[in-house]
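If you count by the working numbering, then the sequence shown holds residues 120 to 206, one letter each, in order.
Virtual Cβ for every residue (Gly too), placed ideally from N, Cα, C.
Quick caveat: nothing in here was measured; it's all calculated off a predicted structure.
See structure below.
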Amino acid sequence: MKHYVYIIECQNGSYYTGYTTDVARRYEEHKTGVNCKYTRSFPPKKLQAFWVFDHKSDALRIEYKIKLLSKAQKKRLIVTKDLLLCE
120 MKHYVYIIEC QNGSYYTGYT TDVARRYEEH KTGVNCKYTR SFPPKKLQAF
170 WVFDHKSDAL RIEYKIKLLS KAQKKRLIVT KDLLLCE
């Protein structure tokens, strides 16, 4: 099974970072407000980026590190896709 970390840009300009095993399903949940408190309040505008991992622990570690980044750092990460920015 593959594991994913993704970043969604919300309509208010914020970024939401999450973990899933199915990006398409999870993004649809965000769009419809199912199982997602934050994006129910701040609807998604666009799925900006995602990364694939073989191990859940790696994905969750990166998700946590991305959540610690500033908005400017997240923008740079979206453009470069370089996870070294999280280290």
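Exposure of His-122, with buried meaning 16 or more beta-carbon neighbours within 10 Å: The residue labelled residue 122 in the question sits at position 3 within the sequence shown. By the 16-neighbour rule on beta-carbons within 10 angstroms, His-122 is buried.
Top-ranked residue by Cα proximity to Lys-164, from Tyr-146, Ala-178, Lys-156, Cys-205: The count along the sequence shown starts at 1 and reaches residue 164 at position 45. Considering only alpha carbons, the answer is Tyr-146.
Lys-190, buried or exposed, once every other Cβ within 10 Å from all chains shown has been counted against 16: Stepping through the sequence shown from its first residue, residue 190 is reached at position 71. It is exposed - the Cβ of Lys-190 has fewer than 16 other Cβ atoms within 10 Å.
Close-in-space but distant-in-sequence residues of the same chain around Lys-156 (CB under 7 Å, 5 per side omitted): On the sequence shown, residue 156 is found 37 positions in, with the first residue counted as 1. Within the same chain, Lys-156 has no close Cβ partners at all.
DSSP bridge partner residues for His-122 (one or two, in chain order): Reading the sequence shown from its first residue, position 3 is the one you call residue 122. As computed with DSSP, His-122 is found in a beta bridge with Phe-172.
Straight-line gap, Ile-181 to Thr-151 (C-alpha atoms, nearest Å): Residue mapping note: residue 181 aligns to position 62 of the sequence shown, counting from 1. Residue mapping note: residue 151 aligns to position 32 of the sequence shown, counting from 1. When rounded, the distance between both Cα atoms is 26 Å.
Extent of the continuous alpha helix (DSSP H) to which Thr-151 belongs: Reading the sequence shown from its first residue, position 32 is the one you call residue 151. First-last of the alpha helix (DSSP H) with Thr-151: 142 to 151.
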